[in-house]
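This report concerns only the one structure given below.
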Amino acid sequence: MIKTLGLRLLASLVLLIAVPTVTFWLQAVTPGNVAQQILGIGASKEAVAQLNHQLGLDRPVWQRYLDWLGGFFHGDLGHSYVTGDSVANTLGGRVGVSLSLIIGALVVFSIVGVLLGILSTSGNRVWGRVIDVVSTAGIAIPNFWLGVLLIGVFAVQLNLLPATGYVPPEQDAGAWIASLVLPVVALAFAGITGVAKQTRDQMLVSLASPYARSLRANGASEASLIFRHALRNASGPIITVLGLIFVGALSGSVVVENIFVLPGLGSQAVLSTTQRDLPVIQGIAVYFTIIVVVVNVVIDVVNTILNPKARTA
Amino acid sequence: MSSVSQRFRVLRQYLRRPLAVVAAAFLLVIIVAVALAKVIAPYSPLEQDYSAVLSGPTGAHPLGTDQLGRDVLSRLLVGGQVTLVGIAEAVVVAVVIGIVVGLVAGYLGGPLDTVLSRLTELVMAIPGIVVLLMTYALTANNPHAGMLVLGLLSVPTIFRVTRGAAAAVRGETFISASRVVGIGRIAIMARHVLPNVWGPIIVNTAVLAAVTLGIQGGLNYLALGVNPPAPSWGGMVAEAQTALQQQPWLMVPSGLVIALTIAAFLLIADGLRDATDTSSAQSAPVAAPRATNVVDEAVTTPPEGALLAASGLSVAFGGTTVVREVAFAVQPGETVGIVGESGSGKTVTASAILDSLDGSAAVTGSVWFEGVELLRAPKAVRRATRGSGIAYISQDPMVALDPSFTVQSQLGELVRRHHGLRGAAQRARVLRLLGQVGLPEPGAIARRHPHQLSGGMAQRVSIAMALAGDPKVLIADEPTTALDVTIQGEILDLLRRLRDETGMGIVIITHDLGVIADLADRVVVMYAGEVVEQGAVGTLFAEPGHPYTRALLAANPIASERGKPLVSIPGSVPRPGSWPTGCHFAARCPFATDACTRAPIPLAPVPDASGDHASRCIRIDAVLADSTDRRVA
Amino acid sequence: MSAMTSATSSESAQAVLDVRDLVVSYPQGLGRPRLRAVQGVDLTVGRGETVSIVGESGSGKSTIGGAILGLNPVESGSIRLDGEEIAGATGRRRRALSARLQAVFQDPFSSLDPARTIRDSVGEPLRAEPDLTAAQVRERVDEALRRVGVDPSLADRYPASFSGGQRQRISIARALVRRPELVVCDEAVSALDVSVQAQVLNLLDELQEEAGTSYVFISHNMAVVRHISDRIVVLYRGRVMEEGPAEEVSDRPAHPYTRSLLAAVPVPDVVAQRARRAARTAATVRTEFAPEGGVGCPFAPRCPLATAACVGKDPPLIEFAPGRKAACIRLDETLAAGRQEGVALQTLDADSWRVAVGGERGAPA
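Protein chains in written order, with my numbering: chain S, 1214 to 1526; chain C, 687 to 1319; chain G, 2 to 366.
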């Protein structure tokens, strides 16, 4: 078991370096003159060449990559093309905001989704259809549209929650939570329904399996079959889906942060895109990769613990 | 089923689901409307009418206008072009690359598969949104570049589905058959793998389209991948947001069209999933078995002293009877063997007794356990008999045990359930049960998980699970079929020993007449849903009273004459739904006469020495006479 | 089971199939030794002969079939078809070989591609004969279907329309469409009901009479094997334990493992089966002997006659009578014991039993 986990950890470290490498090279080899983009179409050739040189963009790609890599291992993620600030500084203060949002969403869609899924299992067929319809609606409603609607109803009409803005927890815990309610709902909504559906499907598969049949015939209680056996056997696939939905939520957070004007990585990403500020975008890629890799490792660990066959694989 | 109808079977299955049909129609309308946008749009999407700014739905503007007086309907139609073309670009890229790479990895396996799978993991770990943002940053918001990149980022989804399905098909026997004949790998992938995997692929393609639309909508909302003032669905949501207080209506058409189109893709995916589902279980898996729909009939009393008895037991699914009027009894310490081939209904009969049929089964007749009628009893009574009254072991021991729990845990749970034991007493009882079923090192076995046990050991553990409640009757469904023949004997000996030790009755269901001879006291022979003969085991083998029983014994290769053909039964078993009116076996029976086909044949006593021999045959005299003649000759 | 009487050894007219010292192993993952599924097996099949390979799970019998058919890689040893070495042949060579070598597999429900018509499936081997016209291919497919008793007008249907027995017949038609010399039947009747099994076995027999086809029949079912084979090879854990004419091996088994296999088969006769139970229990015991480092008799851990000498070295396969071989160093004892205990299936009083069940097709007088 330790050996399997050790290998996964190693693979994760490789990913941690490989992914930012890929993103770096993607942006390095894509055609398009960055300095030109920043200065605009009307800029003179000399101004463009000067900016290119200033930003170090006229050096060979390999050299730029190695420089970046070196900096990466020291925690130095380069400097913004626009402000000249260190990327790490620009982003450091924003990580907490994004994590609050994303982890908040993870907690909400995991718990609510799994609970709904289990509930619909022990019920009857009607519940099943309800979940099917709700989950289709849940995934179909775009998170940005939902976000705006939530603002319209809860902030503008009912004045219950703030429409935009973020309050750090150390400043005012209550306001912090209040500022996160609507964004988390907007982000988690689709996830809840996806998780509920997967939970229900996996549990039904479990409950129809030969071992469930044997246990039931030999006297095991229905409650035990659902909460002990089915849940345990379904947990592997459920957790895997949680991971997938989480990665999707990462993408969704970029949009949600923009709607609710949360000063996180996502809103910075959009801003930097319009500004063609590539080092900042690359820095965000690194942070996101770290989050994804950490989550994948946690999922692997949990799966290995839950699935006895995987321990020796 | 003719080949033509088979080709359209998928289409017909799909058309059976109303939601899926509606969704497909909706999508078709959207696509056509958008394609013809330039023709049917009432206004130009850029045309501004300052006299009708932010108006709600009116005659001139059915979906209203935005803050620059532009017609919403026209903008939606034209904006749809960018949207739908973009989705098509992304999906086509993902599907083409995903299928090719997935087929290769899934079918060829080996190091190529490993490399491709690792690459896929790498791509999945890339924060796609960031790459998309970079793309837009570098290409000055080029929508095609963005969608192309999104397509590449979506390859893993299609790859995984294709690879999984291809890997599953790779292990099928028909692939081996083609390899033996020398068909090349590429030809096999094209001719045999692809046609068998396209079901899950198109389902996932539909889902991918839904997801892509959502992502693209979000990007357009952020003004990425589209250059205003060109319209796009996502962009129109952003525009609606700026006028949220003055004209909230604007949120509706923009967001709704996205939501409905995504929903349409998802419903189409659901429809396709059901339509291409080739497994025998067409409906969704059922949770707990419901109270079977028992139709009330005159309840007659069970035979004296019988532990378990059935009378007039019939089971039907969706109007088709699969088991008809089964009756038998099990006395304490007695072993009753139910023997039949496929289509005989023996397994469904066992399920009816165990109350493990799913809700779609209609059951008539009666089942008594210790004098209590079970089929109409309240749930609590039925639950109480499970395990402590009637217990069950199944055919394949490797799947009959929960793979996630140790033997101690599963067995302990039943011990606690039936005897309320916990802690040390519970552990002791578990070990004792494991010893009772002949396992040499109970402590070591208790700590293991099912996948760490051999077939024989796992079956012994299954038997221990069945014994946990000290049952009076054990129903064993083909308990030795999945085991090696040398292990089979050990399990039969074990069952016999347990029966002698505890006095429990056993119902053993099997197709193997040798097993019957080894273990059973009485035999019930089933054919095409009916009991055709029953009696003491000795009588049945020495003087079979039904042509089918005779034919079954005769076809057994055990006492065949080498050099001569085996006695075979011409024809095949009639399937439920096509049972003939008269005797089900008549078409294949050497004794059949006209009278045999006219009316249902009753189960009648056979006039011989044993006294409890019954046969469903009106030609019984001829059958017995034939045997006697031969013996004398 | 055919007119063939002699020609059971390789000295005679060239054997159709000659396998020597076959070794097949599988990797078991990083750092673990390879699993030897087949360890040095010899096998010879003459023209028109049926040789059965019988064994339980883990015996390697299907692996041998797979090696002959090119589905499993061969580690060492030779497989000769009509004198031509075919071990490890793939691609174009396999296609050429399929004119002489075909297979019928076990599972009637997955041995035909559900997405192709049976005309397609039965005709697939003919793709190796590109000179045939479409009409000729159609003709050959129809003929093959007729020979196995399936109406050619049904050929455009899909496998789902047919029962298990019919599908197995169709699989046989596919195997015969190129009129091969040798067909490997891998548990070809194991998944069929007894009544259908009888039909299919009779069919295989008829086809052999007609065309002189040889069969390698792989099975775990001693009763079936005894009926249809000319010779039987008994396999245990990848090694040949015993070999000889079918009637000899099944009625006068020499090797303790063969005896345990036979004793374990339950016979449909109450009195006889009761008598057999004692023999069954005595035939397999738990001993403290086990092979070490892959050396020694693999059956020693369960053999009632095992001694320390049995695990000291690999027991050689000895020809103790013409055409009879066994790999047991305690052969004298087992032969003596076999004569007394009545382990064979033939202890069933077959004649009177056959009479009672109307042995000759049960037709009324």
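Glycine is no exception: its CB is placed at the ideal position from the N, C-alpha and C atoms.
If only complete runs of 3 or more residues are kept, the segment 1410-1456 of chain S shows no beta strand (DSSP E) anywhere. Taking the CA atoms as reference points, C:Ser760 sits about 32 Å from S:Gly1479. For C:Lys1032, the enclosing alpha helix (DSSP H) covers residues Lys1032 to Leu1040. If you ignore the 5 residues before and after S:Ser1419, its C-beta comes within less than 6 Å of the C-beta of Ala1443, Asn1446 and Ala1447, all in its own chain and listed in chain order. The beta carbon of G:Phe290 sits closer than 7 Å to the beta carbons of Ala301, Pro302, Ala307, Ala309, Cys311 and Val312 from its chain, once the five residues preceding and following it are set aside; these are given in chain order. Taking C-alpha positions only, C:Ala996 is separated from C:Gln1220 by approximately 13 Å. A Cβ-Cβ separation of about 6 Å places C:Pro1157 in contact with C:Ile1076 under the 8 Å criterion. Inter-segment contact for the segment 774-793 of chain C and the segment 845-862 of chain C is present: three or more beta-carbon pairs are separated by less than 8 Å. Annotation: Cβ neighbours of G:Thr282 in chain C (cutoff 9 Å, chain order): Gly1175, Glu1176 and Asp1179. Of the candidates C:Trp935, C:Val777 and C:Thr1279, the residue whose Cα lies closest to the Cα of C:His747 is C:Trp935. Contact annotation, C:Met1151 with C:Leu1107: C-beta distance approximately 15 Å; criterion of less than 8 Å not satisfied.
Identification of chain G residues near C:Ala1203 by a Cβ-Cβ cut-off of 7 Å yields Pro267, Val268, Pro269, Asp270, Val271 and Gln274, ordered along the chain. The beta-carbon of G:Pro115 is placed less than 8 Å from the nearest beta-carbon of chain C.
With a 10 Å radius around the Cβ and a threshold of 16 neighbouring Cβ atoms, G:Leu262 comes out buried. For S:Arg1445, the residues of chain C that pass the 9 Å Cβ criterion are Asp1088, Ser1090 and Phe1091, in the order they occur in the chain.
Contact check for S:Asn1509 and S:Gly1456: beta-carbon distance about 6 Å, within the 8 Å limit, so the pair qualifies. Residues of chain G whose Cβ lies closer than 7 Å to the Cβ of C:His1270 do not exist; the shortest such Cβ separation is about 14 Å. Only those residues of the segment 929-941 of chain C whose C-beta falls short of 7 Å from the nearest C-beta of chain S are listed: Leu930, Gln931, Pro934, Met937 and Gly941. Judged by DSSP in its simplified three-state form, C:Cys1303 adopts coil rather than helix or strand. When secondary structure is reduced to three states using DSSP, G:Arg128 falls in the helix class. The Cβ of C:His878 sits closer than 8 Å to at least one Cβ of chain G. Against chain G, the CB of C:Ile1255 has a partner CB under 8 Å away; the residue lies at that interface.
Listed by position along chain S, the residues whose Cβ is nearer than 8 Å to that of C:Leu953 are Thr1349.
In the structure shown, C:Thr928 falls within a helical segment according to DSSP collapsed to helix, strand and coil.
Counting only the Cα atoms, C:Leu1239 lies some 8 Å from C:Phe1227. In the DSSP annotation of this structure, the continuous segment of the alpha helix (DSSP H) that includes S:Pro1492 starts and ends at Leu1491 to Leu1519. DSSP lists C:Phe1003 as the bridge partner or partners of C:Thr1006. In summary, the residues of the segment 805-822 of chain C whose CB is separated from some CB of chain S by less than 9 Å are Glu807, Leu808, Val809, Met810, Ala811, Ile812, Pro813, Gly814, Ile815, Val816, Val817, Leu818, Leu819, Met820, Thr821 and Tyr822, in the order they occur in the chain. For S:Gln1415 and S:Ala1353, the gap between their C-alpha atoms comes out near 22 Å. Of the candidates G:Pro115, G:Asp252, G:Glu249 and G:Pro126, G:Pro126 places its Cα closest to the Cα of C:Ser864.
Under a criterion of Cβ atoms nearer than 9 Å, no residue of chain S is adjacent to C:Leu836; the nearest Cβ is some 11 Å distant. If you look at S:Gln1276, you'll find it in the alpha helix (DSSP H) that goes Val1274 to Phe1286. Sequence-distant partners of S:Asn1471 (beyond 5 residues in either direction) whose C-beta falls short of 6 Å from its own C-beta, in its chain, are Ser1480 and Val1483. Per DSSP, C:Glu990 lies in no beta strand (DSSP E) and is assigned neither H nor E. Taking all protein chains shown into account, C:Pro1083 has 16 or more neighbouring C-beta atoms within 10 Å of its C-beta and is therefore buried. Scanning the segment 796-846 of chain C from its first residue to its last, the whole alpha helix (DSSP H) runs of 4-plus residues come out as 796-811 and 814-824.
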